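Engineer: Using the working numbering, the letters of the sequence shown map in sequence onto residues 3 to 701.
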Amino acid sequence: ATYAGDEPDRIAADLGAESFLSAPVDPLLLTQRVRAILEGRHVRTLPRVLIVEDSRTLAGMLRTAFNGHGYQADTASTVAEALAAFRGAPYDVAVLDYHLPDGLGDTLLDTFRNHRPTCVCLMMTTDPGPELALDWMKRGAADYLRKPFQVDFLLELCSRARRERALLRVQDMLEQRTRELRASEEKSRQAAEFARHILDSTDAHLAVVDGEGTILDVNEAWRRFARSNGAGDESLWGPGASYFRNDTCGHPSYEGIRCVQDGRLPSFEVEYPCHAPTEERWFSMRVQPFQGRPGTVLVAHFDVTVLKRAETDRETLQLRLLQAQKMESIGRLAGGVAHDFNNMLCVIIGLGDLLLSRTDPAHPFHAHLTEIHRAAERSSDLTRQLLAFARRQAIAPKVLDLNPTVEDMFKMLRRLIGEDILLTWAPGPDLWRVRLDPSQIDQILANLCVNSRDAIRDVGTINISTQNLSVLDSHCLNRPGLAPGDYVLLTVCDDGQGMDEATRKLIFEPFFTTKEVGKGTGLGLATVYGIVKQNRGWIEVESEPGQGTTITIYLPRDPGQAGPKRLEGPPVRPGQGRETILLVEDEPAILVMATDMLRELGYRILPAATPAEALLLAEGHRERIDLVLADLVLPVMNGRDLARALRALHPEARTLFMSGYAAGDSLDAAVRDDGAPFLQKPFSLKELEHKVREALGAS
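(1) For Pro29, which three-state DSSP category applies?
(2) Per the contact definition of three or more C-beta pairs closer than 8 angstroms, is the segment 101-108 in contact with the segment 50-62?
(3) From which residue to which residue does the alpha helix (DSSP H) around His365 run?
(4) Along the chain, where does the beta strand (DSSP E) containing Cys123 start, and where does it finish?
(5) What distance in whole Å lies between the Cβ atoms of Gly258 and Val289, which are believed to be in contact at a cut-off of 8 angstroms?
(6) Taking just the CA atoms, how far does Lys310 sit from Glu281?
(7) Which runs of the beta strand (DSSP E) spanning at least 3 residues fall entirely within the segment 81-126, listed in chain order?
(8) How is His199 classed by DSSP in three states: helix, strand or coil?
(9) Check Pro275 in the structure and name its three-state DSSP category.
(10) Roughly how many whole angstroms lie between the Cα atoms of Asp475 and Leu492?
(11) Quick check on Thr361: does DSSP put it in helix, strand or coil?
(12) Would you report the Cα separation of Pro637 and Cys451, rounded to the nearest angstrom?
(13) Find out if the Cβ-Cβ distance for the pair Gly213, Gln293 is shorter than 8 angstroms.
(14) Flag this pair as yes or no: are the beta carbons of Val534 and Ile509 separated by less than 8 angstroms?
(15) Whose CA, out of Cys261, Thr307, Thr314, Asp305, lies closest to the CA of Pro705?
(16) From Ser359, Arg435, Glu621, Val530, pick the residue whose C-alpha is nearest to that of Lys688; which is it?
(17) Mapping the DSSP letters down to three states, classify His303 as helix, strand or coil.
(18) Quick one: any contact between the segment 582-589 and the segment 605-615, if contact means 3 or more CB pairs under 8 angstroms?
(19) Whole angstroms is fine: what's the gap from Val210's alpha carbon to Asp315's?
(20) Pick helix, strand or coil for Gln445, following the three-state DSSP scheme.
(21) For Leu157 versus Leu147, is the C-beta spacing smaller than 8 angstroms?
(22) Under three-state DSSP, which class holds Ile553?
(23) Excluding the 5 residues flanking Ala489 on each side, which residues of the same chain have their C-beta closer than 7 angstroms to its C-beta?
(24) First and last residue of the alpha helix (DSSP H) that includes Trp434?
(25) Give the C-beta separation of Ala84 and Leu52 to the nearest angstrom, bearing in mind that I take them to be a contact with Cβ-Cβ under 8 angstroms.
(26) If you reduce the DSSP assignment to three classes, tell me which class Glu187 lands in.
(27) How would you write the range of the alpha helix (DSSP H) that His477 sits in, first residue to last?
(28) I need the DSSP call for Arg506, collapsed to helix, strand or coil.
(29) Check whether the Cβ atoms of Phe88 and Phe114 lie closer than 8 angstroms to each other.
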């Protein structure tokens, strides 16, 4: 046979052949092998059979029979012995009894077939059920016998099964050989077309030019480019034409090509602009010898316009990075200034409240104090905006109604967009509640309104609206990422210049901006997108050039109740508190002010300027401490760690944190993980009273 190896040798043996030789056959070897067979000197490898039978008598009888008919037989009486024997020798036949002392013989079928697929497995059983036989055949058994049986029948069955399996293996080998031949033919065909395919599939414009300057061949990209640039008939630029007369693209440096042709240069490369009818493009021309033919070169023109633009984009990106770093620095500065200003405002508002509570409304100073208090509150609003801009404001999601939240920011938005643009407001009725940090709503509205303002030329209108919407499955089909459910929609619509589809696809990417240099960082809408995604929402943009832009934000409805509203009600009544409060604040003016305010409310105060002082006070105070009111940012130890240490001394003490901002994750952890109330600086006497009663668990 034309096959070689162990497998053809085994197949020949299974088919009953005495020997096997691979073609082409050596005549001398063939003669020697035939003579050895005729003289009985040729020793062929005996097929090995494993008999798995717990009856020693039957096993011995079968072993003797197989050995006498040209097999090398071994026996095993259990499943375990059979597995050990099978793993130790390459058996060609396995005769398996169904009932064995430690299990069923058919459990060996899968193992035998997996480890040696060519092994012929025969099952023996006393069970008459045909379903067993069907199952065995499905699992790879060649045949089965029902006890009792004639040994000669078993031997004939083995021989027949081996022949059948061998023929199937021959068929598989022939099919494999056919597939290989067809694959080889296909590779040969592809190899014949490979060079042409490579030439035509590349985007480079390729031409083979001989030593006389005649074009021998060009690829499809060369043809497309020449036709698209009006190069005329193919006889002017195709095979047979003179390359050096072809000035379709103003090819530079023909001298460089000549240097490669006559061997003065190993290769040549130059970049040049090509003024096409629609736009200017850049190409890189590379010349190198072709297939070792003297004087023949391959001239390749690569379109490097994208690379050139990438260089420009990289420079632009560097400028954006510098701009972002500048904004980050401004943000840090703004955050630091706002924090320090918050501390001063805290003193002004707190002491102003104390003076107001102690001044008769009829006194002339009462009106002045009221104006001072209002100015401080407006200043506090400004610091909150600065902190939101700097992202230093603590993120504390609350259940809120969007309508009053938008209304609270409306005056600031009017100042932000200017007098030439009309800002309208359409609040939806019976609006559902959402869970969101109010400062994030401020960021969303500020960024969207600024974008709308910049899109409006001269005069125009920006409309803000809210409404409820129950989103169905059908509404989500063309909105990937939007899940069915109840949402509150916040919409900002303008009648500005609008956007095309290409711009709409990019507006949420960081650093993308259509504004002039110095007028935008490209982070505004990216920030809006991040906030919306953070709150499991969805954002939709509708815009066409000249038709304005509508941006709709879907915020999931919160199933809970609305959060606490802004404190309103009767004036604070001094002297209502009776509990003991440990106050920890490192800013001396705020410590004095907060102490006076709490005493005004009737509480007993233990003031401390440092964590160490607070711990000493707590250790020395034998009576009950009802509340620890601590700043989150303290020297040596932060407020959260201090609260833990104080609870170890006074487990009954509850905790209330205060801060102008949280420099890290301390506030988020304190509010979300510990569940502690939080008092935002600056605070009024009314806000202080409310938060203290909330922390103490008052109704």
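Each residue gets a CB set at the ideal place from its N, CA and C atoms; glycine is no exception. All of these numbers come straight from a predicted model, not from anything done at the bench.
Structural biologist: The relevant details are as follows:
(1) Your numbering for residue 29 matches position 27 in the sequence shown. In the three-state reduction of the DSSP assignment, Pro29 falls in the helix class, which pools H, G and I.
(2) The segment 50-62 is in contact with the segment 101-108.
(3) To locate residue 365, count along the sequence shown from 1; it is residue 363. Element bounds for His365: n/a, residue is neither H nor E.
(4) Locating residue 123 in the sequence shown gives position 121, where the first residue counts as 1. Following the DSSP letters along the chain, one finds Cys123 inside the beta strand (DSSP E) bounded by residues 122-127.
(5) Your numbering for residue 289 matches position 287 in the sequence shown. Your numbering for residue 258 matches position 256 in the sequence shown. About 6 angstroms separates the two Cβ atoms, so the contact holds.
(6) The residue you call residue 281 lines up with position 279 of the sequence shown. The residue you call residue 310 lines up with position 308 of the sequence shown. For Glu281 and Lys310, the distance between alpha carbons rounds to 14 angstroms.
(7) You should have 95-99.
(8) Counted from its first residue, the sequence shown places residue 199 at position 197. Correct three-state label for His199: helix.
(9) Against the sequence shown, residue 275 aligns to sequence position 273. Per DSSP, reduced to three states, the secondary structure at Pro275 is strand.
(10) Residue 475 sits at position 473 when you count from the first residue of the sequence shown. Residue 492 sits at position 490 when you count from the first residue of the sequence shown. If I take the Cα positions, the gap works out to 21 angstroms.
(11) Position 359 of the sequence shown holds residue 361. Three-state DSSP puts Thr361 in coil, outside helix and strand.
(12) Taking the first residue of the sequence shown as position 1, residue 637 is located at position 635. Taking the first residue of the sequence shown as position 1, residue 451 is located at position 449. Taking the straight line from one Cα to the other gives about 40 angstroms.
(13) Position 211 of the sequence shown, counted from the start, is the residue given in the question as residue 213. Position 291 of the sequence shown, counted from the start, is the residue given in the question as residue 293. For Gly213 and Gln293, no; Cβs fall outside 8 angstroms.
(14) Locating residue 534 in the sequence shown gives position 532, counting from the first residue. Locating residue 509 in the sequence shown gives position 507, counting from the first residue. For Val534 and Ile509, no; Cβs fall outside 8 angstroms.
(15) Residue 705 falls outside the range modelled here, since the chain spans only 3 to 701, and no answer is possible.
(16) Residue 688 sits at position 686 when you count from the first residue of the sequence shown. Nearest of Ser359, Arg435, Glu621, Val530 to Lys688, Cα basis: Ser359.
(17) Sequence index remark: in the sequence shown, residue 303 carries index 301 (1-based). Three-state DSSP puts His303 in a strand.
(18) Verdict: yes, contact present.
(19) In the sequence shown, counting from the first residue as 1, residue 210 sits at position 208. In the sequence shown, counting from the first residue as 1, residue 315 sits at position 313. Straight-line spacing of the CA atoms in Val210 and Asp315 works out to 35 angstroms.
(20) Locating residue 445 in the sequence shown gives position 443, where the first residue counts as 1. In the structure shown, Gln445 sits in a helix (DSSP, three-state: H, G or I).
(21) Here the question's residue 157 lines up with position 155 in the sequence shown. Here the question's residue 147 lines up with position 145 in the sequence shown. With respect to the 8 angstroms criterion, Leu157 and Leu147 are not classified as neighbours on the basis of their beta carbons.
(22) Counting from 1 along the sequence shown, the entry for residue 553 is found at position 551. In the structure shown, Ile553 sits in a strand (DSSP, three-state: E or B).
(23) Indexing the sequence shown from 1 puts residue 489 at position 487. Per the sequence shown, residue 489 should be read as Tyr rather than Ala. If we look at Tyr489 and ignore the five residues flanking it on each side, its Cβ neighbours are Leu471, Val473, Tyr556, Leu557, Pro558, Arg559.
(24) Against the sequence shown, residue 434 aligns to sequence position 432. Segment: none, Trp434 is in no alpha helix (DSSP H) and carries neither H nor E.
(25) Residue numbering aside, residue 84 sits at position 82 when the sequence shown is read from its first letter. Residue numbering aside, residue 52 sits at position 50 when the sequence shown is read from its first letter. The C-beta distance from Ala84 to Leu52 rounds to 7 angstroms, short enough to meet the 8 angstroms contact threshold.
(26) Taking the first residue of the sequence shown as position 1, residue 187 is located at position 185. Residue state, collapsed to three classes: helix.
(27) By 1-based counting over the sequence shown, the position of residue 477 is 475. Start and end: 475-478.
(28) Against the sequence shown, residue 506 aligns to sequence position 504. DSSP places Arg506 within a helical segment (H, G or I) once states are collapsed to three.
(29) As a first step, residue 88 must be located in the sequence shown, where it is residue number 86. As a first step, residue 114 must be located in the sequence shown, where it is residue number 112. Going by C-beta atoms, Phe88 is nearer than 8 angstroms to Phe114.
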